[in-house]
Amino acid sequence: MKKRISTALATLLLLAVSLPAFVIAQQSGAQPPAGRRPAPPAAADGGATSAPNTRPRRPRPADATEGLEQDVAEALTVIQDNYVDGNKVKYDEVFKSSIIGMLRTLDPHSNFYDAKEFEEQRADWRSEYYGIGATIGDRKLGGNTDTYILATFEETPAYRAGLRFGDKITEIDGNPVKGKASGEVRDMLRGPRGTTVRVTVERASNGQKETVEITRDAVPQPTVPDAYFIKPGVGYIDMTRGFNYTTAEEFVAALKYLRTHGMQGLVVDLRGNGGGILDQAKIVAEQFLAKDQVILTQKGRGTRGMQRELVSDNRQPDPTPLVVLVNRGTASASEIVAGAWQDHDRALIVGETSFGKGLVQSIMPLEYGTALTLTTSKYYTPSGRLIQRDYSNQSYYDYIYGRVNGTQTEEQVEKPKGAETHTDTGRPLYGGGGIAPDEAIKARALTAPQVRLIDPIFAFAREAVNGRIPGVPQSFKVGGMPDFEQNVEAGAFEVDDKVFKAFKEFALANYGEELKLTEAQLDKGREFIARQLRYDLTTAAYGSVKATQVLMLDDPQVARAIESLPRARDLATAAMRGRNPQTKTFE
Numbered sequence: 086m087k088k089r090i091s092t093a094l095a096t097l098l099l100l101a102v103s104l105p106a107f108v109i110a111q112q113s114g115a116q117p118p119a120g121r122r123p124a125p126p127a128a129a130d131g132g133a134t135s136a137p138n139t140r141p142r143r144p145r146p147a148d149a150t151e152g153l154e155q156d157v158a159e160a161l162t163v164i165q166d167n168y169v170d171g172n173k174v175k176y177d178e179v180f181k182s183s184i185i186g187m188l189r190t191l192d193p194h195s196n197f198y199d200a201k202e203f204e205e206q207r208a209d210w211r212s213e214y215y216g217i218g219a220t221i222g223d224r225k226l227g228g229n230t231d232t233y234i235l236a237t238f239e240e241t242p243a244y245r246a247g248l249r250f251g252d253k254i255t256e257i258d259g260n261p262v263k264g265k266a267s268g269e270v271r272d273m274l275r276g277p278r279g280t281t282v283r284v285t286v287e288r289a290s291n292g293q294k295e296t297v298e299i300t301r302d303a304v305p306q307p308t309v310p311d312a313y314f315i316k317p318g319v320g321y322i323d324m325t326r327g328f329n330y331t332t333a334e335e336f337v338a339a340l341k342y343l344r345t346h347g348m349q350g351l352v353v354d355l356r357g358n359g360g361g362i363l364d365q366a367k368i369v370a371e372q373f374l375a376k377d378q379v380i381l382t383q384k385g386r387g388t389r390g391m392q393r394e395l396v397s398d399n400r401q402p403d404p405t406p407l408v409v410l411v412n413r414g415t416a417s418a419s420e421i422v423a424g425a426w427q428d429h430d431r432a433l434i435v436g437e438t439s440f441g442k443g444l445v446q447s448i449m450p451l452e453y454g455t456a457l458t459l460t461t462s463k464y465y466t467p468s469g470r471l472i473q474r475d476y477s478n479q480s481y482y483d484y485i486y487g488r489v490n491g492t493q494t495e496e497q498v499e500k501p502k503g504a505e506t507h508t509d510t511g512r513p514l515y516g517g518g519g520i521a522p523d524e525a526i527k528a529r530a531l532t533a534p535q536v537r538l539i540d541p542i543f544a545f546a547r548e549a550v551n552g553r554i555p556g557v558p559q560s561f562k563v564g565g566m567p568d569f570e571q572n573v574e575a576g577a578f579e580v581d582d583k584v585f586k587a588f589k590e591f592a593l594a595n596y597g598e599e600l601k602l603t604e605a606q607l608d609k610g611r612e613f614i615a616r617q618l619r620y621d622l623t624t625a626a627y628g629s630v631k632a633t634q635v636l637m638l639d640d641p642q643v644a645r646a647i648e649s650l651p652r653a654r655d656l657a658t659a660a661m662r663g664r665n666p667q668t669k670t671f672e
């Protein structure tokens, strides 16, 4: 094991110093090959096992890589022979943490994947995973926290097995899951394609226990899960799930659907989109950019990382007025798309300043099925902006999560502080801190009292869809599996005074003492309760993708995006009139 670890570390070092020969670029669009890898150097002898203060030091080899390999091997031997629990050391974890620690000294985005993680990552790039196809979560009902089915997806193993909204998972393969977090239960449900798993559930419909045997399969995870008209003539495309191998194809199909049904304006939602494959981002961006307009410029190290410019190949770009939603979770490839459209005045950007990731990683397979992603270049928007945020003088945690989970007011939205550049029509832009919106508006955030109401709302919805709440319309009852083709009607599952009264009685009776609820608190939270209750009811009836439409109806950022479409139209018109057909470059 020690020889395997030191060999792998040495291989990693050799890959790093001879990068151009072995990079499989993330923007290639093809999955990383599992072919030949460089032969690893022979592992160094572990040496004697005496205590460190008596161990004779061997002469350090002149070659730095060989010397470091020897140090690693010696350190592992010292740990194994002297650590109080040396016989319990998990060397795979030592190996993994060593490499991650090394990469963290470079930048926050270079990363190492063990074999299982790399396979899961490749599944994500394929827009699928292997499992049963259900969303599960922890909910507290009747004083106990258990794992429940929150949604299933069309034609997945869970759907074919008849699992429904509100079913409680009690056992997996005969093993009780009570007391386990939903993340642990999820890992038990996932597994190799074609294997079976026995899931015991307590049915929400009748309280009876039932065990179903499910064969795991590939579960599609489209990156453009929904496209619809958010109001007459205004299309909305959900692109919140990243850029994977199928993203461009999905986006083009969504555009075609909306165009053929009378789209006059479009809102593209990139909020929370953490990025992904660069080639896919390029194809998405060029749908609205004329031929030879620059999408990005890439500059890096060596022959494979030298300056490279990506330009649009589209001779007939879509002329639809365009507004793009971004937030602090919008990163990497999604920032490339938003930045290209903003620089060319092709879209108006609405929301919050994006994450600020201007680094490109290349995928490098290692031995034993592991891999790393190593930063090999930086990208610049068409106007020359490097949007990468400064990551020095702060912890990895603060860099990653401080941005995404921060609490900024609308007036405190962070503005990039880099050098000034300009859009095609001369509007000023700044790099060094993400994509700043043209119109800033803060996101709707859950408050602590609202979070406490999630369980009572779910419990009420679970009873309502099974017809067990007096006073609730029979139309709320869901007799079978979800109808995934149904869009959400404006008046569907309306929470009127009668329904809200029934909810208050239910919540106070079942959660009032535990959560210290009062009727006044519930009245104050009526707007949130109505929206969340409609979401849960719609999930049970039409699935979670369609239920997301409920959340969009009164989303303040979406509302601002719709209001901004006339400005987006004027901006795009001005840009097309004055556009210089020559390709932009920068020194």
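Residues 86 to 672 (my numbering) make up the sequence shown, in order. Ideal Cβ positions, reconstructed from N, Cα and C, are used throughout, including at glycine. Model, not experiment: these values are computed from the prediction.
How would you label residue i, buried or exposed, when you count the other beta carbons within 10 angstroms and need 16 or more for buried?
i: Gly-227; result: exposed
i: Thr-325; result: buried
i: Lys-601; result: exposed
i: Thr-281; result: exposed
i: Tyr-482; result: exposed
i: Thr-139; result: Confidence at Thr-139 is low in this model, with a pLDDT of 46, below 50, so its placement is unreliable and no value can be given for it.
i: Asn-167; result: exposed
i: Arg-470; result: buried
i: Lys-631; result: buried
i: Arg-699; result: No statement about residue 699 is possible, as the shown extent of the chain runs from 86 to 672 and does not include it.
i: Thr-44; result: Look at the range of the chain in this structure, 86 to 672, and you will see that residue 44 is not part of it.
i: His-194; result: buried
i: Ala-575; result: exposed
i: Ala-246; result: buried
i: Tyr-486; result: exposed
i: Thr-415; result: buried
i: Ser-477; result: exposed
i: Leu-531; result: exposed
i: Thr-296; result: exposed
i: Leu-433; result: buried
i: Gly-279; result: exposed
i: Ala-660; result: buried
Which same chain residues end up closer than 8 Å to residue i when comparing Cβ atoms and leaving out the 5 residues on each side of it in sequence?
i: Gln-293; result: Glu-287
i: Gly-276; result: Tyr-215, Gly-216, Val-282 and Arg-301
i: Val-270; result: Ile-221, Thr-232, Ile-254, Ile-257 and Val-262
i: Pro-406; result: Gln-349, Gly-350, Leu-351, Leu-650, Pro-651, Ala-653, Arg-654 and Ala-657
i: Trp-426; result: Ala-370, Phe-373, Leu-374, Leu-407, Val-409, Ala-432 and Ile-434
Based on the DSSP secondary-structure assignment, which residues constitute the bridge partners of residue i?
i: Met-449; result: Leu-457
i: Tyr-321; result: Tyr-313 and Val-352
i: Arg-474; result: Beta-bridge pairing links Arg-474 to no other residue.
i: Leu-433; result: Val-408
i: Phe-328; result: Gly-361
i: Ile-221; result: Ile-234
i: Val-262; result: None, per the DSSP bridge assignment.
Excluding sequence positions up to five away, which residues of its chain have a Cβ less than 7 Å from the Cβ of residue i?
i: Phe-543; result: Arg-224 and Asp-621
i: Val-369; result: Thr-332, Ala-333, Phe-336 and Val-422
i: Ile-526; result: Val-435, Gly-436, Glu-495, Pro-641, Gln-642 and Arg-645
i: Arg-662; result: none
i: Thr-220; result: Leu-235, Ala-236 and Ser-629
Which residues in the same chain have their Cβ closer than 6 Å to the Cβ of residue i, if we skip the five residues on either side of it in sequence?
i: Ala-549; result: Val-557 and Phe-561
i: Pro-541; result: Ala-592 and Tyr-596
i: Gln-365; result: Phe-328, Thr-332 and Ala-333
i: Thr-658; result: none
If contacts are defined as beta-carbon pairs under 8 Å, then residue i and residue j qualify, I think. What distance do you get, rounded to the angstrom?
i: Leu-274; j: Phe-250; result: Incorrect: roughly 17 Å between the Cβ atoms, too far for contact.
i: Asp-430; j: Leu-656; result: 5 Å
i: Tyr-464; j: Thr-382; result: 7 Å
i: Val-304; j: Phe-238; result: 7 Å
i: Gly-503; j: Ser-417; result: The pair is not a contact, with the Cβ atoms about 17 Å apart (cut-off 8 Å).
i: Thr-623; j: Val-573; result: 6 Å
What residue range does the alpha helix (DSSP H) around residue i cover?
i: Arg-283; result: Counting along the chain, Arg-283 falls outside any alpha helix (DSSP H), though it belongs to the beta strand (DSSP E) covering 281-287.
i: Arg-645; result: 641-648
i: Gln-383; result: Run containing Gln-383: none in the alpha helix (DSSP H); it sits in the beta strand (DSSP E), 379-385.
i: Leu-593; result: 582-600
i: Leu-188; result: 176-189
i: Gly-424; result: 418-428
i: Glu-29; result: Because the chain is modelled from 86 through 672, residue 29 falls outside the range shown and cannot be assessed.
i: Ile-270; result: Looking at the sequence shown, residue 270 is not Ile but Val. First-last of the alpha helix (DSSP H) with Val-270: 267-274.
Could you spell out where the beta strand (DSSP E) holding residue i opens and where it closes?
i: Pro-305; result: 302-305
i: Tyr-515; result: 513-515
i: Thr-623; result: Unbroken run through Thr-623 is the alpha helix (DSSP H), 611-627; no beta strand (DSSP E).
Check the Cβ-Cβ distances between residue i and every residue of chain C, and say whether any is below 9 Å.
i: Leu-274; result: In summary, chain C is missing from the structure at hand, where a single protein chain is found.
Between residue i and the ligand MG, is the CB less than 8 Å from at least one heavy atom?
i: His-507; result: Among the components modelled here there is no ligand, and therefore nothing to report on the ligand MG.
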